[in-house]
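Each number in my numbering comes from the position in the sequence shown (counting from 1) with 510 added on.
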Amino acid sequence: MASGKEMKKIDLAKEMILKNSGLFRCPVCEQELSLSRSNSLYCSKGHNYDLAKQGYVNLLLKQEKSGYDKQLFAARKVISASGFFDPMRKAISKVVWEIGKDEAWSEVSILDAGCGEGSHLAWLCRDLKAKKKGFADLLGVGIDLSKEGIRVAAKEYQGLIWCVADLTKLPLQNQQFDIVLNILSPANYGEFKRVLKDHGVLFKVLPAANYLIELREILFKGTDKELYENDSVKRHFANSFQVVKEQQIHYKVVLKEENLEHLIKMTPLTWNAAQEKIAMIINSGLKSITVAFDLLVGKK
Ligand SMILES: [Zn+2]
511 MASGKEMKKI DLAKEMILKN SGLFRCPVCE QELSLSRSNS LYCSKGHNYD LAKQGYVNLL
571 LKQEKSGYDK QLFAARKVIS ASGFFDPMRK AISKVVWEIG KDEAWSEVSI LDAGCGEGSH
631 LAWLCRDLKA KKKGFADLLG VGIDLSKEGI RVAAKEYQGL IWCVADLTKL PLQNQQFDIV
691 LNILSPANYG EFKRVLKDHG VLFKVLPAAN YLIELREILF KGTDKELYEN DSVKRHFANS
751 FQVVKEQQIH YKVVLKEENL EHLIKMTPLT WNAAQEKIAM IINSGLKSIT VAFDLLVGKK
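This is how it looks when you write it as structure tokens:
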């Protein structure tokens, strides 16, 4: 039996989906999805997708193991709460605000494609609403292939729509979003274009050369992995979208001792690293770490 709190979450999710009816389409046959009385989304051809009691909808045809796991998202949640990503998020929020102001948006719909455990989207929606004369109406939708990530997101953040789904076949109708976020996640530009409105804007955040350089120096000294190379990712972006802004976001984060371990668990850099290298990082007494991102902003 579901507890009262869980029942409430699924009801909240239903309410949001009803309020935004026409948002979803079936990932199999591309027909519109409607909400049934039995807590699922269904299309006219009979494909069915369940709402989980935790308040998210699962639109994956096959459940995949994505290589991400519970431990990773738990670690990312701690790092996220420590303020690690805040300067990057503030930079995005500022640009969203400037563009929205210029275009006189009164409401704004945001898709976070590859949202992981949801903290970037939740932070951004909170920040935009809190700004002076914030957006009157704001729809936030977070999508990720990882059920573990979406579970954490749905548990943690309410008032947003959370979905397990494939980014290469977004279960969303055409031209639904003013903004698509793609933060430290793989992209599918064809799909992003399809779900963006004509005036819509894509924000992509990718690691820059010096991102976590202190860890790279220990793990990859003398190899070509010591610096992160993002030129080909940037080129691909510029070939797909009209670049309206490119911004470097560089800062240092002071690490509390316990957060170093969370950081190691969070980053794909260390997933295949030898145990002795991990121990070297933990014993290195690292006090601060370099964060370096490139923010790319593009229009259709
Ligand atoms: Zn269908």
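Virtual Cβ for every residue (Gly too), placed ideally from N, Cα, C.
All values derive from a computational prediction rather than experimental measurement.
Closest by CA to V753, which one among R586, K810 and H772? As a working note, residue 753 is residue 243 in the sequence shown. Closest by alpha carbon: K810.
Taking Cβ to Cβ, would you say D560 is nearer than 8 Å to V618? In the sequence shown, the residue the question calls residue 560 occupies position 50. In the sequence shown, the residue the question calls residue 618 occupies position 108. In this structure, V618 does not lie closer than 8 Å to D560 by Cβ.
Any chance the CB of K755 is under 7 Å from a heavy atom of ligand 1? Position 245 of the sequence shown holds residue 755. K755: no, Cβ never under 7 Å from ligand 1.
T733 by DSSP, collapsed to three states: which one? By one-based count along the sequence shown, residue 733 stands at place 223. In the structure shown, T733 sits in coil (DSSP, three-state: anything other than H, G, I, E or B).
Looking only at DSSP bridge pairs, what is P696 linked to? Start at 1 with the first residue of the sequence shown, and residue 696 comes out as number 186. None; P696 has no bridge partner.
Given 8 Å, three or more beta-carbon pairs between the stretch 634-648 and the stretch 529-537: no
Using the Cβ count rule (16 or more neighbours within 10 Å means buried), how would you classify P681? Here the question's residue 681 lines up with position 171 in the sequence shown. Its Cβ being crowded by 16 or more others within 10 Å, P681 is buried.
State the Cα-Cα distance for the pair V743 and N698, rounded to the nearest angstrom. Residue 743 sits at position 233 when you count from the first residue of the sequence shown. Residue 698 sits at position 188 when you count from the first residue of the sequence shown. Distance between the alpha carbons of V743 and N698: 12 Å.
Can you grab the Cα-Cα spacing for the pair I774 / R704, in whole Å? The sequence position of residue 774 within the sequence shown is 264, counting from 1. The sequence position of residue 704 within the sequence shown is 194, counting from 1. Each residue's Cα considered, the two are about 36 Å apart.
So, A718 versus L670, is the Cβ gap smaller than 8 Å? Against the sequence shown, residue 718 aligns to sequence position 208. Against the sequence shown, residue 670 aligns to sequence position 160. No.
Buried or exposed: where does S794 fall if 16 or more other Cβ atoms within 10 Å of its Cβ makes it buried? Mapped onto the sequence shown, residue 794 falls at position 284. Under this definition S794 is an exposed residue.
When DSSP builds the beta bridges, which residues end up paired with I653? Stepping through the sequence shown from its first residue, residue 653 is reached at position 143. Per DSSP, A623 and C673.
Which of helix, strand or coil does DSSP assign to D560? Along the sequence shown, read from residue 1 onward, the residue named residue 560 stands at position 50. Three-state result, D560: strand.
Can you tell me which of I723, A802 and Y566 puts its alpha carbon nearest to the alpha carbon of M526? Taking the sequence shown and counting its residues from 1, one reaches residue 526 at position 16. Residue Y566 is the option with its Cα nearest to M526.
Given a threshold of 16 other Cβ atoms within 10 Å of its Cβ, counted over all protein chains shown, does E756 qualify as buried or as exposed? Taking the first residue of the sequence shown as position 1, residue 756 is located at position 246. Exposed: under 16 other Cβ atoms inside 10 Å.
Residues surrounding ligand 1 [beta-carbon distance to nearest heavy atom under 6 Å]: C536, V538, C539, Q541, C553, K555 and H557
Assign G610 to one of two classes, buried (16 or more other C-beta atoms within 10 Å of its C-beta) or exposed (fewer than that). As a first step, residue 610 is located in the sequence shown; it is residue number 100 there, counting from the start. Looking at its Cβ environment, which holds 16 or more other Cβ atoms inside 10 Å, G610 is buried.
Let me check understanding here. Comparing Cα to Cα, which of F583, K529, N549 and F645 lies closest to S616? Within the sequence shown, numbered from 1, the residue matching residue 616 stands at position 106. Out of F583, K529, N549 and F645, F645 has the C-alpha closest to the C-alpha of S616.
Express the C-alpha separation of Q685 and D708 in angstroms, rounding to a whole number. What you label residue 708 is simply residue 198 of the sequence shown in a count that begins at 1. What you label residue 685 is simply residue 175 of the sequence shown in a count that begins at 1. One C-alpha to the other measures close to 7 Å.
Cβ contact check for the stretch 542-555 and the stretch 580-595: 3 or more pairs under 8 Å: no
Reducing DSSP to helix, strand and coil, say where G593 ends up. For the purposes of this step, residue 593 is taken as residue 83 along the sequence shown, with counting starting at 1. In this structure, G593 counts as coil in the three-state DSSP scheme.
A748 burial status per 10 Å Cβ neighbour count (16 or more: buried): Here the question's residue 748 lines up with position 238 in the sequence shown. It is exposed - the Cβ of A748 has fewer than 16 other Cβ atoms within 10 Å.
Proximal residues to V763 (C-beta, below 7 Å), its chain only, five neighbours per side dropped: By 1-based counting over the sequence shown, the position of residue 763 is 253. F594, S798, I799 and V801, listed in sequence order.
How far does the alpha helix (DSSP H) with K775 in it reach, from first residue to last? In the sequence shown, residue 775 corresponds to position 265, counting from 1. Start and end: E767 to M776.
Should I520 go down as buried or exposed, given a rule of 16 or more other Cβ atoms within 10 Å for buried? Translated into the one-based positions of the sequence shown, residue 520 becomes position 10. Buried, because 16 or more other Cβ atoms sit within 10 Å of the Cβ of I520.
Just confirm the distance between the C-beta atoms of I660 and V674, as a whole number of angstroms; I'd bet it's less than 8 Å. Along the sequence shown, read from residue 1 onward, the residue named residue 660 stands at position 150. Along the sequence shown, read from residue 1 onward, the residue named residue 674 stands at position 164. Between V674 and I660 the Cβ distance is about 5 Å, and since that is below 8 Å, they are a contact.
Outcome for M790 when other beta-carbon atoms lying within 10 angstroms are tallied against a minimum of 16: Within the sequence shown, the letter at position 280 stands for residue 790. M790 is exposed by the Cβ-count criterion.
Is it buried or exposed, T777, if we count other Cβ atoms within 10 angstroms and call 16 or more buried? Along the sequence shown, one-based indexing puts residue 777 at 267. Buried: at least 16 other Cβ atoms inside 10 Å.
From S531, L551 and E786, pick the residue whose C-alpha is nearest to that of N568; which is it? The residue you call residue 568 lines up with position 58 of the sequence shown. Checking every option, the nearest Cα to that of N568 belongs to L551.
Just the Cα atoms here: how many angstroms apart are F730 and E786? Indexing the sequence shown from 1 puts residue 730 at position 220. Indexing the sequence shown from 1 puts residue 786 at position 276. Whole-angstrom Cα-Cα distance: 13 Å.
Check the DSSP bridge columns for F702 and list the partner residues they point to. Sequence index remark: in the sequence shown, residue 702 carries index 192 (1-based). Its beta-bridge partners do not exist; DSSP assigns none.
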